[in-house]
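Residue numbers 416 to 857, in the numbering used here, belong to the letters of the sequence shown in order.
All C-beta atoms, glycine included, are put in the ideal place defined by N, C-alpha and C.
Below is one structure, written out as C-alpha cells; comments come after it.
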Amino acid sequence: METKIIKTGKSVNMIFANCVLVMLALLLIGGCEKIEVSSISVFSEQIPGSKNHGPNGTWWGYNQSKIVRYGSTVYMYVIENENIDNNPNPNATNPSKIAIYRKDGEGGWQKGASVNTSRPGNILIDSEGIVHLIVFEPTYTLPTENGSYGRLKHYWFPNCKTGDITSFQQEVIVDNDGFSQGETVNIRVGASIGADDLIAVSYGLNKSHIVRYKEKNGIKWWQESAGTALGSDYYYPYVVVTDFGISILAVQDDWVGPNLPNLYQKSRYFEKRSGSWTSSDIINLQTHSLAQTRPQLVDNSDIYQDAGKLINTIYLTKLNPSDKWLNSFIYATRSGNAWTNQTLTTTDEKTNWVRMIEVGGQMYYICTTWDKVYIKKGVSGEYQRLSVPKIEGIYPYLAAPRSGTKPSESYIDLLLLCGSSDSYPNAKNYYVRIAKSELAKL
C-alpha cells in the first residue's frame, strides 16, 4: 500500500515535530544505560547446564570453584539433576551427577566421567596440570532425606593432560555411615589448592569451623578447627591456601525455625598463620537498627591473595531502609592484623556480585547485575559493560589462583550461570574468555 504525504507547511511541521519526539525518546531510552559497552574483545559460547533449578543446580554454591585453566586447557563441571524431575530429594537412592568437562584451545567441550552427588562441588588444578574434584556424595537412603547427609570425596584425573577425563582415582575425606551419624560434613564446602599443591577444604559444623587438608600426594587428610564454640554457624566458606597458611571468609547462616529465613548478619574471617588459627568478625550487624526486621544484612563475595601476599576480601551489606535487595560492597585488605576498608562503587543497576582478578599487579573487578556483566580497573576505576550474551540471575565464577589457575595464564576464564528459577528447564549458561592483553583498553 502506498503512503501519501500531503505537502502542506502545517503537516511538514507536525511530521518534523513527531520525528524529534521519537528521537528524544530513543535517546532517553538509551540513556538508561549510563555505562558504555567496553571495546574489550570477548569470546563466549553456550555450555551445558542443569535441567532443574534449586540448590543442586550448577549455579548454586557461590563460594565454590567451578572452572580452572592449565595452559591451553580449561576444565569445568556440570550438575546433571534430571533425577529430581519426579523426586525432589537427591539422596543416595536418587543421586544427581557431577560431570567433568574439558576444553582444549578452540575445540569444543568434551564430557568425561560423572559421579554421584547431591550439591555442586569444587574443581581444582594442581601445579602439574592434574584436575581434582571435591564432591559431596549423599549416603542416606530415606526417601524424605534431601541429600544433606553424606560423605566428602576427593577425585583426581591423572591422565587428564592427554585428554582422558574418564579414568580417575578417589578417596574419602570425611565419611558417613548412611543411617546413624547424621551430618558429618556440611554441603556448603569450600576448597582451595596452593602453589605448593596443598589442598584445603573447609565447612561449618555445629557452630564450629572445620578444615581438612593434605599434600596432593599425601596419604592422610589432616583435620583442624579454625574456630570452635562460635555461637553461630558459618557457611559458604571462601577458602584460599596462602603463602603463610590458610585464609577463610565465611558468613553466618543460622537456622531460627521452620519457614523462617536464616540469619545472615555477621561475616567472619579465619586465618592460619605460623601454625595457629585465629578468627574474628570482619563485620557484625546484629545490633543494627534493621537487624530485628531484616534477617539478611550481610554476605560475602570473594577472597584473594594478591601478588604482594596481602589478603583481599569483598563483602556486601543490605542496609538501604526502603530496599532490602540493594547491596553495598566493601573491599577490605588485611596487612598483619589490621583491615583497611574501602567502599566499592557499583553500577547504575543493582549489583549482585563482585569478583576479583589480578593481572600484572593490578586488581580488576568483575561485577554482575541481574542480567549484565561489567569490569573495571582498580577500586576507583569506572565500570565498562562487557559484551556477553544476556542471561537472567547471573552467578559468576572465575578461574582464580585460589583454585590453582596460575596468575601467569594468558586468559581470564569466566562462567556465567543462570540463577533465575523462571528460566528453567531451558536456562542458558555461558563460558566467557578474555585475553588479558585486552585489559589495556580499560
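Taking the DSSP output, what are the residues bridged to residue i?
i	result
E359	Absent from the structure is residue 359, since the part of the chain shown begins at 416 and ends at 857.
V794	Answer is none; V794 lacks a bridge partner.
G544	According to DSSP, G544 bridges with nothing at all.
W768	T783
I513	I494 and V530
F744	L731 and L759
D918	Residue 918 is absent from the structure shown; the chain starts at 416 and stops at 857.
D714	L731
A606	V616
T488	Y485 and D519
A842	Paired residue(s): none; A842 is not in a bridge.
I538	L548
A930	The structure shown does not extend to residue 930, since the chain is modelled only from 416 through 857, so no value can be given for it.
I625	Y618 and S640
W571	H547 and Q584
Secondary structure at residue i, three-state DSSP: helix, strand or coil?
i	result
L613	strand
N735	coil
T801	Checking the displayed sequence, the identity of residue 801 turns out to be Leu instead of Thr. In the structure shown, L801 sits in coil (DSSP, three-state: anything other than H, G, I, E or B).
S823	coil
P816	helix
S533	coil
E598	coil
K518	strand
K425	For K425, the predicted structure reports a pLDDT of 36, less than 50, and the residue's modelled location is therefore unreliable. A value from the coordinates is still provided. Note: K425 maps to helix in three-state DSSP.
V437	With a pLDDT of 40 at V437, under the threshold of 50, the modelled position of this residue cannot be trusted; read the value that follows with caution. It is helical.
I634	coil
I482	strand
N501	coil
T577	helix
S453	coil
D837	helix
G445	The pLDDT assigned to G445 is 34, lower than 50, so where the model puts this residue is not dependable; a value taken from the coordinates is nonetheless given after this. G445: helix per DSSP, three-state reduction.
P558	coil
E807	coil
Measuring alpha carbon to alpha carbon, tell me which residue in the options is nearest residue i.
i	options	result
V788	K681, S795 and R770	R770
M491	A850, S838, K851 and S818	S818
G672	E521, P710 and S691	P710
I806	K843, Q777 and T783	K843
D611	I661, Q596, T693 and W475	I661
D579	I499, K821, K518 and T708	K518
R534	G527, N504, L741 and W524	N504
K631	I540, T556, S617 and A665	I540
P558	I499, N677, H569 and E495	I499
S546	G522, Y779, S582 and P804	Here residue 546 turns out to be Val, not Ser, going by the sequence shown. Taking only the C-alpha atoms, the option nearest V546 is S582.
Q743	F594, S750 and K733	It should be noted that the sequence gives Ser, not Gln, for residue 743. That would be K733, whose Cα lies nearest to the Cα of S743.
R683	G642, K576, N591 and S704	G642
N715	Y651, G776, T554 and N735	Y651
G793	N674, Y746, Y839 and S802	Y746
S695	F659, R749, L675 and T708	R749
W831	I849, Y812 and Y555	Sequence inspection shows Leu at residue 831; the Trp mentioned does not correspond to that position. Checking every option, the nearest Cα to that of L831 belongs to Y812.
Q777	I482, S795 and D786	S795
T556	W768, N509, S607 and Y477	N509
G619	L664, Q596, D590 and N591	L664
K821	D668, K526, W475 and Q720	Q720
V377	N496, E824, T728 and A815	Here the chain has residues from 416 to 857 only, and residue 377 is not among them.
N767	G523, N752, N677 and D717	D717
Give the C-beta separation of residue i and residue j to the nearest angstrom, bearing in mind that I take them to be a contact with Cβ-Cβ under 8 Å.
i	j	result
T762	T784	6 Å
E543	H569	Actually they are not in contact, since the Cβ atoms of E543 and H569 sit about 16 Å apart, beyond 8 Å.
W740	K765	6 Å
N506	N467	Contact flag wrong, Cβ pair sits at about 15 Å.
Q654	G593	Per the sequence shown, residue 654 should be read as Val rather than Gln. Actually they do not touch by this definition, with Cβ atoms about 27 Å apart.
I513	G536	6 Å
I549	V616	6 Å
E598	S647	Actually they are not in contact, since the Cβ atoms of E598 and S647 sit about 16 Å apart, beyond 8 Å.
Y679	L645	Actually they are not in contact, since the Cβ atoms of Y679 and L645 sit about 15 Å apart, beyond 8 Å.
R800	S453	6 Å
W692	E639	7 Å
I849	Y826	7 Å
T473	S465	5 Å
Against chain D, with Cβ distances strictly below 8 Å, would residue i count as a contact?
i	result
L831	Absent from the structure: chain D. Only one protein chain is present.
(request) Run through the stretch 629-710 for me and flag every whole alpha helix (DSSP H) of 4 or more residues, listed as ranges in chain order. (result) none
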